[in-house]
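Enquirer: Below you'll find the structure I mean.
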Amino acid sequence: MELLLIRHALPVRQENSVGPADPGLSTAGLEQAEHLARYLSTEKLDAVYSSPMLRAVQTAAPLAAVQGVEMRLEDGVAEFDRHSNSYVPFEELRKANDPRWREMVLEVPADASEFRATVVGAIEAVITRHTGDRVALVCHAGVIGAYLAGVLGIELVGRSFFSPNYTSIHRVMASRKGGRTLYTLNETAHLRGTGLPTGLYD
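One point on numbering: in this note's numbering, the residue at position 175 of the sequence shown is 165, and numbering is uninterrupted.
Dropping the structure here:
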């Protein structure tokens, strides 16, 4: 089967005094999600899954609509920060040299093994349910990094080994015998010429 791991579009910044932050998409993010849906409209998807977090759900919604399928939520691919009371886009943290950015890039989180096991288990369960299908799963940078590190045999330092762009597509070919091959990485042709931000290194 072919699995399309897709990072959510650009969300707004949200910092709460109480309760977890679960921001929706910015105006640019909503446009990115529409471009993604149009780009993939020529490919038949058998299913569209999403993390339960709002930024992923809002990214997956136009794609599911274009494909004529019902979006399915997959709790196991929620981001590592799902219980945090703040969300600041990575590029804002980097530009400000925020300690939280250095922590994500350089430090091995205490919950890294548990997070990766949850992510891999959830994604593999989706693969098992869709033998022979083409499936999109909209999720998060940390989720994509954790899963693809395993596919590539990379030992992670920090949360990820690269920076997935907003609405980037990462295609994994999954064989019935258990083989997992990364086919494309950080595919963002749908954002070329739009003037929309792509991610960290704009």
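Note that beta-carbon positions come from the ideal geometry of N, C-alpha and C, so glycine has one too.
Name the one or two DSSP bridge partners that H160 has.
Expert: Along the sequence shown, one-based indexing puts residue 160 at 170. DSSP, once it has assigned bridges, lists L(-5) as partnering H160.
Enquirer: I'd like to check one pair, L15 with S40: are the Cβ atoms closer than 8 Å?
Expert: As a working mapping, residue 40 is identified with position 50 in the sequence shown. As a working mapping, residue 15 is identified with position 25 in the sequence shown. The answer is no: Cβ separation not under 8 Å.
Enquirer: Going by Cα to Cα distance, which pick from T184, G58, E5 and E177 is closest to R(-3)?
Expert: Against the sequence shown, residue -3 aligns to sequence position 7. Of T184, G58, E5 and E177, the residue nearest in Cα terms is E177.
Enquirer: What span of residues does the alpha helix (DSSP H) with S103 cover, start to end?
Expert: Working through the sequence shown from its first residue, we reach residue 103 at position 113. Taken as a continuous stretch (DSSP letters only), the alpha helix (DSSP H) holding S103 covers A102 to R119.
Enquirer: Within 8 Å, do at least three Cβ pairs link the stretch 69 to 86 to the stretch 112 to 126?
Expert: Taking 8 Å as the limit for Cβ pairs, the verdict is that the stretch 69 to 86 does not touch the stretch 112 to 126.
Enquirer: Return the chain-ordered list of same chain residues with a C-beta closer than 8 Å to the C-beta of A112, the five sequence neighbours on each side being excluded.
Expert: Position 122 of the sequence shown, counted from the start, is the residue given in the question as residue 112. Cβ neighbours of A112 beyond the five flanking positions: E64, D65, G66 and V67.
Enquirer: Can the beta-carbon of L186 be found closer than 8 Å to that of Q22?
Expert: For the purposes of this step, residue 186 is identified with residue 196 of the sequence shown, where counting begins at 1. For the purposes of this step, residue 22 is identified with residue 32 of the sequence shown, where counting begins at 1. Yes; because the gap between Cβ atoms is below 8 Å, this pair is in contact.
Enquirer: Less than 8 Å between the C-beta atoms of G189 and Y156, yes or no?
Expert: As a working note, residue 189 is residue 199 in the sequence shown. As a working note, residue 156 is residue 166 in the sequence shown. Yes. Within cutoff.
Enquirer: Just how far apart, CA to CA, sit Q4 and G19?
Expert: What you label residue 4 is simply residue 14 of the sequence shown in a count that begins at 1. What you label residue 19 is simply residue 29 of the sequence shown in a count that begins at 1. If you take the alpha carbons of Q4 and G19, they lie about 15 Å apart.
Enquirer: According to the Cβ coordinates, are A27 and V59 closer than 8 Å?
Expert: Mapped onto the sequence shown, residue 27 falls at position 37. Mapped onto the sequence shown, residue 59 falls at position 69. No, the pair does not count as a contact, with Cβ atoms beyond the cut-off.
Enquirer: Apart from the five residues just before and just after L44, which ones in its own chain have a Cβ nearer than 6 Å to its Cβ?
Expert: For the purposes of this step, residue 44 is taken as the residue at position 54 of the sequence shown. Result list for L44: D12 and G14, in chain order.
Enquirer: So, under 8 Å CB-CB, L175 and H160 are touching, yes? Tell me the CB distance rounded to an integer number of Å.
Expert: Numbered from its first residue, the sequence shown carries residue 175 at position 185. Numbered from its first residue, the sequence shown carries residue 160 at position 170. With a Cβ gap of about 6 Å, L175 and H160 count as contacting.
Enquirer: Buried or exposed, going by whether 16 or more other CB atoms sit within 10 Å of the CB of V8?
Expert: Numbered from its first residue, the sequence shown carries residue 8 at position 18. Exposed.
Enquirer: Taking the alpha-carbon positions, what's the Y173 to V162 distance?
Expert: Sequence index remark: in the sequence shown, residue 173 carries index 183 (1-based). Sequence index remark: in the sequence shown, residue 162 carries index 172 (1-based). Each residue's alpha carbon lies about 6 Å from the other.
Enquirer: Please confirm whether S31 has its beta-carbon closer than 8 Å to some beta-carbon of chain D.
Expert: In the displayed structure, chain D is absent; only one protein chain is listed.
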